[in-house]
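Working notes, beginning with the structure itself.
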Amino acid sequence: MSSKAIALALIAAALSAPAIAADLSSRKGAPVAPPPVVSACTESEGIPTDAFGFTTGSDVADVGSFGTSLTYGGGFGTRSGNSNGHGLTLQGSYGLFPCFEIGPYVLGNITSASAGGVSADSRAFGAGVEMKYKLLGRDMHGLGLTLVIDPSLNRTDPDGAGRFTTYNTGIRLFADKTLIPNTLYAGLNISHDLTWTGPSPYQRSSTFTVGGALAWQVQEGLYLSGEARHMRAHNELGFGNEAGYATFVGPGVFWQATKQLALSAAYNVQVSGKAKGEPGNLDLTNFSQHLVKVKLGYSF
423 MSSKAIALAL
433 IAAALSAPAI
443 AADLSSRKGA
453 PVAPPPVVSA
463 CTESEGIPTD
473 AFGFTTGSDV
483 ADVGSFGTSL
493 TYGGGFGTRS
503 GNSNGHGLTL
513 QGSYGLFPCF
523 EIGPYVLGNI
533 TSASAGGVSA
543 DSRAFGAGVE
553 MKYKLLGRDM
563 HGLGLTLVID
573 PSLNRTDPDG
583 AGRFTTYNTG
593 IRLFADKTLI
603 PNTLYAGLNI
613 SHDLTWTGPS
623 PYQRSSTFTV
633 GGALAWQVQE
643 GLYLSGEARH
653 MRAHNELGFG
663 NEAGYATFVG
673 PGVFWQATKQ
683 LALSAAYNVQ
693 VSGKAKGEPG
703 NLDLTNFSQH
713 LVKVKLGYSF
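For the numbering used here, add 422 to where a residue sits in the sequence shown, where the first one is 1.
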């Protein structure tokens with residue numbers, strides 16, 4: 423082959439190469455979409471946090487979502503005389519970043535009490551912030567688990583005495599599990615409340631609580647629950663110097679009225695207990711005999 427023919431062949435090959443490369447690339451499939459990011463706060467089936475009554479579920483707010491709630495809490499029944507407590511808590515909640523929810527709140531309560539004909543009424547107001555971080559997700563681990571830190575303060579004004587401030591820090595674990603999808607769920611809470619009560623020098627006390635509940639979805643958005651909770655009071659921040667203990671049981675109901683609006687209510691009655699140095703089978707010194715909770719929640 424002449425040198426001229428060889429040169430023409432090389433030029434033809436060079437000109438055809440881009441066309442071949444372009445043809446090969448056009449035959450490649452479309453780029454594969456990356457798999458969805460799965461984390462502890464990614465759940466295929468949500469469980470309403472208030473479906474268990476006084477016990478709380480593990481789910482947290484999605485990033486950027488905001489909701490608000492108004493909760494009434496009542497406590498009734500004491501060892502001697504009478505004691506009726508009524509409290510309101512207004513709380514907002516916001517998904518600050520993945521798996522983390524922050525919920526500032528304000529509260530106020532009124533207690534009407536008397537013993538031996540002497541009034542012991544009081545009023546209180548305060549504020550706090552509930553911070554929740556979800557550690558485990560049900561889809562990934564079969565169990566939902568959330569750590570909660572809840573610092574707050576209250577300013578109490580009792581009749582016939584000076585005002586004083588109470589500081590409280592709650593450390594809690596909220597867990598839940600799906601037993602039968604779309605039907606039956608279990609919840610478990612463990613909490614330890616550390617309290618400093620004035621006036622100075624501050625008295626130190628704590629309350630340890632463990633509670634469990636089952637919630638049954640009887641129809642879409644409507645849940646019935648039953649729970650049992652055991653509470654122990656201590657006259658120090660740890661677990662020594664026990665002041666008394668009590669066990670509560672009771673029912674609850676949760677209704678997702680609309681996509682944004684939810685209503686829930688729960689009732690607990692003390693069925694057993696013992697106050698240190700006091701007679702009887704109930705602790706009506708450190709705890710009320712009857713507890714009521716009604717909550718209205720709205721998400722935006």
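All C-beta atoms in this analysis are idealised placements derived from N, C-alpha and C, irrespective of residue type, glycine included.
| Asked | Found |
| --- | --- |
| Reduced DSSP secondary structure (H/G/I, E/B, other) of residue 598 | strand |
| Pick from 636, 593, 643 that is closest to residue 628, judged by C-alpha positions | 593 |
| Minimum C-alpha distance to residue 633 - residue among 549, 464, 462, 478 | 478 |
| C-alpha distance - residue 565 paired with residue 535, whole-angstrom precision | 43 Å |
| Touching by the beta-carbon criterion (3+ pairs, under 8 Å), the stretch 686-695 and the stretch 482-491 | no |
| Within 8 Å, strictly: CB atoms of residue 487 and residue 559 | no |
| Residue 560, enclosing alpha helix (DSSP H) - first and last residue | 560-563 |
| From 580, 648, 571, 518, residue whose alpha carbon lies closest to that of residue 540 | 580 |
| Residue environment, residue 567, which counts as buried when at least 16 other CB atoms sit within 10 Å | buried |
| Three or more C-beta pairs below 8 Å linking the stretch 655-673 and the stretch 497-510 | no |
| Contact with chain D by residue 578, beta-carbon distance below 8 Å | Here chain D cannot be found, since the structure has a single protein chain. |
| Residue 617 to residue 500 span [Cα, whole Å] | 21 Å |
| Counted within 10 angstroms of its Cβ, other Cβ atoms place residue 585 as buried (16 or more) or exposed | exposed |
| Where residue 473 sits in the DSSP three-state scheme | coil |
| Simplified DSSP assignment, three categories, for residue 624 | coil |
| Residues of its chain near residue 638, where Cβ-Cβ distance is below 6 Å and the 5 sequence neighbours each way are ignored | 606, 646 |
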